[in-house]
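Report on one structure; see the data block that follows.
There are 2 protein chains.
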Amino acid sequence: MPDQPVPTVPLDPARFDDPDCAASPAQPFRVGDKWTGMVLRCLEDGTPRRFTELRVPLHWITPKVLTETLRSMERNGFVTRTVHDENPPRVEYTLTPLGRSLIGPLDTACDWARAHAPAITEARASYEQGSPVA
Amino acid sequence: MPDQPVPTVPLDPARFDDPDCAASPAQPFRVGDKWTGMVLRCLEDGTPRRFTELRVPLHWITPKVLTETLRSMERNGFVTRTVHDENPPRVEYTLTPLGRSLIGPLDTACDWARAHAPAITEARASYEQGSPVA
DNA sequence: CAGTATCCTAGGAGATACTG
DNA sequence: CAGTATCTCCTAGGATACTG
Numbered sequence: 041m042p043d044q045p046v047p048t049v050p051l052d053p054a055r056f057d058d059p060d061c062a063a064s065p066a067q068p069f070r071v072g073d074k075w076t077g078m079v080l081r082c083l084e085d086g087t088p089r090r091f092t093e094l095r096v097p098l099h100w101i102t103p104k105v106l107t108e109t110l111r112s113m114e115r116n117g118f119v120t121r122t123v124h125d126e127n128p129p130r131v132e133y134t135l136t137p138l139g140r141s142l143i144g145p146l147d148t149a150c151d152w153a154r155a156h157a158p159a160i161t162e163a164r165a166s167y168e169q170g171s172p173v174a
Numbered sequence: 041m042p043d044q045p046v047p048t049v050p051l052d053p054a055r056f057d058d059p060d061c062a063a064s065p066a067q068p069f070r071v072g073d074k075w076t077g078m079v080l081r082c083l084e085d086g087t088p089r090r091f092t093e094l095r096v097p098l099h100w101i102t103p104k105v106l107t108e109t110l111r112s113m114e115r116n117g118f119v120t121r122t123v124h125d126e127n128p129p130r131v132e133y134t135l136t137p138l139g140r141s142l143i144g145p146l147d148t149a150c151d152w153a154r155a156h157a158p159a160i161t162e163a164r165a166s167y168e169q170g171s172p173v174a
């Protein structure tokens with residue numbers, strides 16, 4: 041859960057004129073893995089959540105994958121991992137301000153998806169229609 | 041290029057109370073593949089672009105991958121593929137209104153990335169610091 | 001409880017070559 | 001020019017154990 045090896049043209053406007061446009065190998069930070077967004081959702085209300093507790097709404101994601109996701113988020117500064125010295129152990133995860141700042145963009149994306157889902161479904165249907173036939 | 045097999049908890053707020061929260065297996069539409077965003081960038085100014093022309097700012101992406109990306113975008117209704125009956129063949133790609141509607145969210149994400157890149161870099165540095173040591 | 005440790009697989013993506 | 005057709009590789013991510 042990657043600091044993904046990263047694309048070339050960063051998502052900045054593309055240049056067709058510059059012959060050497062490959063020049064700007066910026067390093068975007070990908071949050072596009074499968075689980076990060078959902079973990080964000082799980083923590084957005086501000087309540088600290090425990091490891092196992094997080095697995096529930098994530099449909100019993102395997103511990104390995106959840107650990108990887110959480111570690112990557114921690115490393116990127118999106119979540120804080122707090123170990124309470126008790127027995128049995130209790131570890132809680134919370135969003136940092138940086139992590140919380142991601143919620144806006146996430147909402148924007150989700151809103152877009154919700155708003156245009158019908159259009160996409162329709163586009164797919166007519167594509168399926170057209171391709172096999174014509 | 042995928043209609044990706046999709047996650048469970050859609051990116052809607054997560055539910056911890058509902059024991060059967062796995063119930064809503066919504067089908068988000070992922071645009072998170074490696075190239076779609078960048079193709080969007082290549083077409084956002086409205087100018088129709090040709091297949092080979094697109095390869096340039098995409099750092100000579102292989103034809104196979106570009107085709108897959110473009111097909112998926114076409115199927116989702118993001119781009120239009122126009123074949124001009126000439127010889128040699130000329131095919132042009134343009135954004136549809138639906139495709140263009142994605143630019144807003146894309147910008148939002150890019151703006152976030154640009155704004156917080158330093159914070160992330162810093163977080164990573166101090167994580168690298170803390171982990172091996174402590 | 002909160003994780004490791006292993007093993008395994010699907011499929012995104014690159015390289016290379018060929019065609020209408 | 002605008003693509004197919006093949007092959008191959010990598011790795012995200014799942015399944016199944018085991019442990020401090």
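These protein sequences, in sequence, are chains E and F.
Under the numbering used here, read the first sequence as residues 41 to 174, first letter to last.
Under the numbering used here, read the second sequence as residues 41 to 174, first letter to last.
Note that the Cβ used here is the ideal one computed from N, Cα and C, for glycine as well.
Owing to the predicted nature of the structure, the values given are computational and were not obtained by experimental measurement.
C-beta neighbour in chain E for tyrosine 133 of chain F, strict 9 Å: Not closer than 9 Å to any Cβ of chain E, the Cβ of tyrosine 133 of chain F fails to qualify, so no.
If contact is defined by three or more beta carbon pairs under 8 Å, each pair taking one atom from either stretch, is the segment 102-121 of chain F in contact with the segment 74-84 of chain E? Under the Cβ criterion (8 Å, minimum of three pairs), the segment 74-84 of chain E does not count as touching the segment 102-121 of chain F.
Does any C-beta atom of chain E lie closer than 9 Å to the C-beta of threonine 148 of chain F? Chain E, which has a Cβ nearer than 9 Å to the Cβ of threonine 148 of chain F, makes this yes.
Can you list, in chain order, the residues of its chain with a C-beta nearer than 8 Å to that of arginine 129 of chain E? Leave out the 5 residues immediately preceding and following it. Sequence check: residue 129 of chain E is proline here, not arginine. Same-chain partners within the cutoff: Val123.
Where the beta strand (DSSP E) containing arginine 130 of chain F begins and where it ends: Arginine 130 of chain F -> beta strand (DSSP E) spans 130-135.
Can you list, in chain order, the residues of the segment 84-99 of chain E whose Cβ is nearer than 9 Å to any Cβ on chain F? Correct list: Glu84, Asp85, Thr87, Arg89, Glu93, Leu94, Val96, Pro97, Leu98, His99.
Chain E partners of proline 53 of chain F, CB-CB under 7 Å? Chain E residues near proline 53 of chain F: Arg81, Glu84.
Return the Cβ separation of tyrosine 133 of chain F and leucine 98 of chain F in integer angstroms, given the expectation that the two are a contact with Cβ distance under 8 Å. In fact, because the Cβ distance is near 12 Å, the residues do not count as touching under 8 Å.
9 Å Cβ cutoff, histidine 124 of chain F in contact with chain E: No, histidine 124 of chain F does not count as interfacial toward chain E.
Could you check whether the Cβ of arginine 115 of chain F sits closer than 9 Å to any Cβ belonging to chain E? Yes, its Cβ sits closer than 9 Å to a Cβ of chain E.
Secondary structure at alanine 62 of chain E, three-state DSSP: helix, strand or coil? Bear in mind that a pLDDT of 46 at alanine 62 of chain E, under 50, signals an unreliable position, so the model cannot answer this.
What residues of chain F sit near arginine 164 of chain E, judged by a beta carbon separation below 7 Å? Within chain F, the residues near arginine 164 of chain E are Arg115, Asn116.
Determine the DSSP secondary structure at valine 119 of chain F, reduced to helix, strand or coil. DSSP, read as helix, strand or coil, puts valine 119 of chain F in strand.
Own chain partners of aspartate 43 of chain E with C-beta closer than 7 Å, once the 5 adjacent residues on each side are dropped: Residue placement at aspartate 43 of chain E is poorly supported in this model, since its pLDDT is 40, which falls under 50; the coordinates are not used for a value here.
Near valine 131 of chain E, what residues of its chain come up, given a Cβ to Cβ distance below 8 Å and the 5 sequence neighbours on each side ignored? Arg90, Phe91, Arg121, Thr122, Val123, His124.
Are the C-beta of leucine 110 of chain E and some C-beta of chain F separated by less than 9 Å? Contact with chain F is absent for leucine 110 of chain E, since none of that chain's Cβ atoms lies less than 9 Å from the residue's Cβ.
For phenylalanine 118 of chain E, I'd like the list of residues in its chain whose CB is within less than 8 Å of its CB, leaving aside the five on either flank, ordered along the chain. Take phenylalanine 118 of chain E, set aside five residues on each side of it, and the residues of its chain with a beta-carbon closer than 8 Å to its own are Thr76, Leu80, Leu135, Thr136, Leu138, Gly139, Leu142, in chain order.
CB contact check: proline 145 of chain E to chain F, cutoff 9 Å: At a cut-off of 9 Å between beta carbons, proline 145 of chain E contacts chain F.
Shortest alpha-carbon distance to proline 53 of chain E belongs to which of F/Pro53, F/Leu83, F/Asp57, F/Lys74? Between proline 53 of chain E and the set F/Pro53, F/Leu83, F/Asp57, F/Lys74, the nearest pair of CA atoms involves F/Leu83.
Going by DSSP in three states, arginine 95 of chain F sits in which element: helix, strand or coil? Helix.
Let me confirm a value: asparagine 116 of chain F is counted as buried when at least 16 other C-beta atoms fall within 10 Å, else exposed. Which label applies? With 16 or more other Cβ atoms within 10 Å, it is buried.
Sequence-distant residues of its chain with Cβ nearer than 8 Å to alanine 63 of chain E (five each side left out): In this predicted model, alanine 63 of chain E has a pLDDT of only 38, less than 50, meaning its place in the structure is not dependable enough to derive any value.
Got a sec, what are the start and stop residues for the alpha helix (DSSP H) glycine 86 of chain F sits in? Segment: none, glycine 86 of chain F is in no alpha helix (DSSP H) and carries neither H nor E.
Mind checking if phenylalanine 56 of chain F is an interface residue toward chain E, Cβ cutoff 9 Å exclusive? True, the Cβ-Cβ gap to chain E drops below 9 Å.
I want to verify the contact list: residues of chain E whose CB lies under 9 Å from the CB of leucine 142 of chain F, in sequence order. What leucine 142 of chain F touches in chain E: Trp152, His156.
Taking its Cβ as the centre, do 16 or more other Cβ atoms sit within 10 Å of proline 158 of chain E, making it buried, or is it exposed? Of the other Cβ atoms in all chains shown, fewer than 16 fall within 10 Å of the Cβ of proline 158 of chain E; this residue is therefore exposed.
Any beta-carbon of chain E closer than 9 Å to the one on leucine 106 of chain F? For leucine 106 of chain F, the answer is no, since every Cβ of chain E falls outside 9 Å of its Cβ.
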